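Enquirer:
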Amino acid sequence: MWSFPINNEQDWDSESDVPFYEHVFLENHLNKDHLKCKPLASFLELVCNGLSQNPHYSINDKKQHLEWFSKFFNDKISQINASVEEEKYMANLEKVSRGIST
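Under the working numbering, think of the first position of the sequence shown as 30, with each following residue one higher.
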């Protein structure tokens with residue numbers, strides 16, 4: 030229930046001690062192994078960017094989102110890397126078939 034006059038920061042007492050940079054610089058909460066996979070690193074950069082711009086999530090909510098993505102992608106990194114290697118192989122075959130040197 031809102032108290033009057035309206036205070037937009039009502040019920041945010043737990044966030045009053047959290048510095049601003051904790052909400053913005055979320056990359057240090059990412060799994061470093063995931064950042065070695067280029068497509069996954071690009072995706073996680075977008076996730077961090079979106080979370081850093083969301084003022085409605087607490088820092089704990091943001092960390093939970095990043096942990097969920099980390100768990101989700103743990104067993105998929107090898108598949109992503111295999112897809113990237115296959116794409117490189119197919120692109121190289123296409124260059125060879127067109128007569129373009131690599």
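Ideal Cβ positions, reconstructed from N, Cα and C, are used throughout, including at glycine.
As the structure is a prediction and not an experimental result, all values here were calculated from the model.
So, under 8 Å CB-CB, K100 and L55 are touching, yes? Tell me the CB distance rounded to an integer number of Å.
Expert: The Cβ separation is near 16 Å, so there is no contact.
Enquirer: So H58 and I106 are in contact, right, with Cβ under 8 Å, and what is the actual spacing, rounded?
Expert: Rounded, the Cβ-Cβ distance is 18 Å, inconsistent with contact.
Enquirer: Between F102 and N60, what straight-line distance do the alpha-carbon atoms span, to the nearest angstrom?
Expert: Those two C-alpha atoms are separated by around 10 Å.
Enquirer: With H52 and I109 assumed to form a contact (beta carbons below 8 Å), what rounded beta-carbon distance in angstroms separates them?
Expert: Not a contact, Cβ separation roughly 28 Å.
Enquirer: Mind checking L73: buried by the 16 CB within 10 Å criterion, or exposed?
Expert: Under this definition L73 is a buried residue.
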